[in-house]
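Chain order of the listed sequences is A and B.
In terms of full-length UniProt numbering, the first sequence is residues 1 to 330.
In terms of full-length UniProt numbering, the second sequence is residues 1 to 330.
Protein chains: 2
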Amino acid sequence: MNSARRPTIYDVAREAGVSKSLVSLVLNGSDLVSPAKREAVKAAIERLGYRPSRAAASLAAKRTRAVGLVIDDFRNPWYVDVLHGLQRVLEPEGFHIAVREHRGDAGGNAIEGFLSTQVDALVIAAEPGHDHGPLGVPVVVSGWRLHEVAGADIVSTDELQGMRLALGHLFGLGHRRIGHVTGTGGSALGRLKAYRGWMTEHRLTPEDAGAENDTNEEGGYLGARELLRANPDLTAVFAANDTMALGARAALRELGREVPGDVSLVGFDNSQLAQSRFLALTTVEAHTFRVGEVAGETLLARLRGDDGAPRRTVIAPELVVRSSTGRSGA
Amino acid sequence: MNSARRPTIYDVAREAGVSKSLVSLVLNGSDLVSPAKREAVKAAIERLGYRPSRAAASLAAKRTRAVGLVIDDFRNPWYVDVLHGLQRVLEPEGFHIAVREHRGDAGGNAIEGFLSTQVDALVIAAEPGHDHGPLGVPVVVSGWRLHEVAGADIVSTDELQGMRLALGHLFGLGHRRIGHVTGTGGSALGRLKAYRGWMTEHRLTPEDAGAENDTNEEGGYLGARELLRANPDLTAVFAANDTMALGARAALRELGREVPGDVSLVGFDNSQLAQSRFLALTTVEAHTFRVGEVAGETLLARLRGDDGAPRRTVIAPELVVRSSTGRSGA
DNA sequence: CTGAAAGCGCTTACAG
DNA sequence: CTGAAAGCGCTTACAG
C-alpha cells in the first residue's frame, strides 16, 4: 500500500516488458495494440496497483476529460437526473462530470471555477447571472434562462407544452378559475408568460402572485396565500414548481381549503416530493434524464469538431396525474 | 478571448517585469514577496486574463488541492450542510471540494474514483461498502457506518444524545407506547440500537419494524404500516430519518390516524422537508454544517503533518419541536 | 509495434 | 528577491 513511490507508466512498461508508448496507447484504448500486448499491460497494471496520474495526462494532452455541471442549489435535487443522464452518455467516453453550485457572481462563481480547472465542456443548468461571451469550451445551457451564453447550444424540456398539458388537465376537470404562483428567475418567468398566454387564449382571466418571491417552499406559501386572499373563488392553483406547490399546500390548509375537494393543486418537475404518497401531487414530468443525455451527446459532437450553428433541442414533457387534482365543484 | 494560446506564468512574468519564480510565489500566497511586486504581478494577471493551470500545478507540486466528499445519494440533501461546512473551512486555504455519489462497489466506486483523481484528502459521508485498508491520504468518516476505514478520523453528531432528546420529548408528553421505523445501513442500525436501549432503560416495550427496508420515503411508509398493524395502540412513531417520517405520515393517514391528535410523529435530520410548513415535523437537528467544519479542520491538521492516533469528534445535536408531536391522549 | 525526444505549465530547491 | 535548472508523469509525433 504505502510503497515508497506510486508506480508510473515506466514501471508498468518494465513490468509488462513493453515500451512506454505502448502503455500509453493501452491506457487510451487505442486499437493499434495487439490483444496479447494489451493483456500483458493490463496484467502489469493490476499487479503494480498502478493508477494513471490525471494531472500529468491532462497537462500533456491539453484536455482534462472532465465536464462541469453548473447548478443553482444542491438542495433542489432537480438537477440529479440531468447529472445521471450526462453520466450515462459521457462516462463510457472516459469523461467525469463535476458538479458545482453557482452562488451568484460573488465568491462561488462556478463558471469561473470550472474554467480555471479547465473542464473540456460545460453544462449550465442554472441562471448564468449575466450574459457571457464565448467561454472557450463547448457549452450547453439547460432550461429557460434570463441570460445568454454566446455560442451555447440549448437543451431543455418543452416547457410551453408542459404548461399546456397541466392547464388542459385542469380545464378538462371543469376548472375555469385557475391561479398561478410564480417567482423570480427565467424558468418561473417563462412559465408565467405561458400561463398568461394560455389563459387569455381560452378567454379565462389570469390571476398570479409572487413574482418577487424565491422559487422555494416559502415563496410558494407566500404566493399562494396572497393569490387566494385576492381571489378567494379560485378552484385550482398551479405552482411554478413542486417545491412551491408544497408551500402552497400549507397555505391552502391554513385557509381551510381541502385539496382536491375545494382546490386542485398542480406542480411542475415531478420531484420526489410530488411522488411522495403524502403529497401525491399532480405535476409535469420534464424528462430531465433525457435532457442530460441529449446535453451529453451534444457536447460529444462539439468536442469531436462539430462547429455548426448553435442548436436548440426540445424534449417532450408528460403530465403525471395524482390525487391533488379533481373535478371542479363549481 | 480566443487568443492563439492561453497565457502562462512566463507571459505574466514578462508582463509584470519580474521572474517566473516570483509569479509562482505570488500565486501561492507567499509572504516573501514585497507588496509592490505582488501588485505588479496581480495587475499583469488581470491584464492578460491569466488562469493558472491546475493540471500543471498539481503535477509539479504533487498535490491537487482538492478534497473529495463521498455521499450516498445526491437526492438526499442531508450532505449539503456538510459540504458547505467543509467549504467554509477549506476554500480559504485554497482547496476545492469535489462531490461524488458512491454507488456500491460497481461502476461508480467514488472512493476509487477520487483516489485516481488524486485528491489530497477524503471525507466519507456514506456507507464505505466494505472495510478499507489505509487509503494513502487523510480520511474523515462521518456518521455511524457499518464498515471501517483504517486510520480514519471520525466526526459525527452525537446520535445517541439525539435519540435521547427525541424519546425524552415524547416521554415528557406522556407517550409510553412509542414505535420505531428503521431501515438498512449503519446509521439506521445505530439509531435502532439506541431506541431499544432507551426503551428498555425506561421499562417500556420497544416495537420496531422495517429493518430490511430502504431508508427512504417508501421504506418509511412500509415500515410504519407494518408497525401500526402489529401495534395498533401506539401513540407515537419515531422514524429513523425525516424522509422516512414523510412516508410514515402517509401510512398514518391511510390508517385514519391524525397527527398529532392520534399519533405523534418524530423524524431525524431537520431536513428542509421537516421545516416545511405542510409537514412541520418534530425532529433532531444534527448540526451537520458544524460536522463539515470540524471534518475540514481535522483534515487540515492531518495535511499539516499531525500524525497522532485517529480521533473521534462528536457534535451535540438539538431537538426541534414542531407541530407533529403533542400530548398523549391515552 | 519500439524507442528516443520534446513538451505540457507549473513548483521547488539552490546559488547568487 | 532573481534566474537557471531539474523534474512532476504523462502524450504526441516521428523515424525506424
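Virtual Cβ for every residue (Gly too), placed ideally from N, Cα, C.
Nothing here was measured: the structure is a model prediction, and the numbers come from that model.
For B:Val-237, no alpha helix (DSSP H) encloses it; the enclosing beta strand (DSSP E) starts and ends at 236–239. Under the criterion of beta carbons closer than 8 Å, A:Ser-324 and A:Val-259 qualify as touching, at roughly 6 Å.
DSSP places B:Ala-250 within a helical segment (H, G or I) once states are collapsed to three.
Close to B:Ser-116, with beta-carbon spacing below 8 Å, are these residues of chain A in chain order: Arg-51, Pro-52, Arg-54. Neighbours of A:Leu-83 in chain B, taken as residues whose beta carbon is under 8 Å from its own, are Phe-74 in chain order. DSSP places A:Val-41 in the uninterrupted alpha helix (DSSP H) bounded by 35–48. For the region 255–269 of chain A, there are no residues whose beta carbon sits under 9 Å from a beta carbon of chain B. One alpha carbon belongs to A:Val-294, the other to A:Val-123, and they sit about 11 Å apart. A residue is called buried when at least 16 other Cβ atoms come within 10 angstroms of its Cβ; B:Asp-233 does not meet this threshold and is exposed. Burial of B:Arg-249 is indicated by the presence of at least 16 other C-beta atoms within 10 angstroms of its C-beta. Comparing C-alpha distances from A:Val-291 to each of A:Ala-125, A:Asp-11, A:Ser-24 shows the shortest one belongs to A:Ala-125. For A:Gly-68, the uninterrupted beta strand (DSSP E) segment begins and ends at 66–71. For the 8 Å CB-CB criterion, B:Gly-223 and B:Gly-183 form a contact. Pairwise C-beta distances place the region 149–158 of chain B in contact with the region 308–322 of chain B, as three or more of them are shorter than 8 Å. Burial check for A:Asn-216: the Cβ neighbour count within 10 Å reaches 16 or more, so the residue is buried. Distance from A:Glu-218 to A:Gly-247 at the Cβ level is roughly 6 Å; contact confirmed, criterion being Cβ atoms closer than 8 Å. Exclusion of the five residues before and after B:Lys-20 leaves Ile-9, Tyr-10, Ala-13 as the residues of its chain whose Cβ lies within less than 8 Å of its Cβ. Here the C-alpha atom of B:Asp-242 lies approximately 14 Å from the C-alpha atom of A:Arg-277. Listed in chain order, the beta strand (DSSP E) elements of length 3 or more contained wholly in the region 152–232 of chain A are 153–157, 178–181, 207–209.
Spanning the alpha carbons of A:Val-26 and A:Gly-113 requires a straight line of approximately 32 Å. By alpha-carbon distance to B:Val-139, the top candidate from B:Gly-68, B:Gly-326, B:Leu-319, B:Ser-24 is B:Gly-68. Taking 8 Å as the cut-off, the Cβ atoms of B:Arg-75 and A:Gln-272 count as close. Taking the Cα of A:Asp-72 as reference, the smallest distance to any Cα among A:Glu-39, A:Arg-47, A:Asn-109 is reached at A:Asn-109.
Residue-level contact by beta carbon holds for A:Phe-278 and chain B, with a gap shorter than 8 Å. Around the beta carbon of A:Arg-253, fewer than 16 other beta carbons lie within 10 angstroms, which makes this residue exposed. Contact note: B:Pro-232 does not reach chain A at a C-beta cutoff of 7 Å; the least C-beta distance is about 20 Å. Residue B:Val-18 holds the alpha-carbon nearest to the alpha-carbon of B:Ser-34 among B:Phe-289, B:His-102, B:Val-18, B:Arg-63. Contact check for B:Val-181 against B:Gly-210 passes: the beta carbons are separated by less than 8 Å. For B:Ser-276, the secondary structure class from DSSP, reduced to helix, strand or coil, is coil. Distance from the CA atom of B:Glu-93 to the CA atom of B:Lys-193, rounded to whole angstroms, is 39 Å. For B:Ser-58, the chain A residues whose C-beta falls within less than 7 Å of its own C-beta are Ala-55, listed in chain order. Shown here, B:Leu-319 sits in a strand according to DSSP, grouped into three states. Taking 8 Å as the cut-off, the Cβ atoms of B:Ala-61 and B:Leu-299 do not count as close.
Between A:Ala-40 and A:Glu-15, the alpha-carbon positions lie close to 9 Å from each other. Counting the other Cβ atoms within 10 Å of the Cβ of B:Leu-32 gives fewer than 16, which makes it exposed. Taking all protein chains in view, the Cβ of B:Arg-47 is surrounded by fewer than 16 other Cβ atoms within 10 Å, so the residue is classified as exposed.
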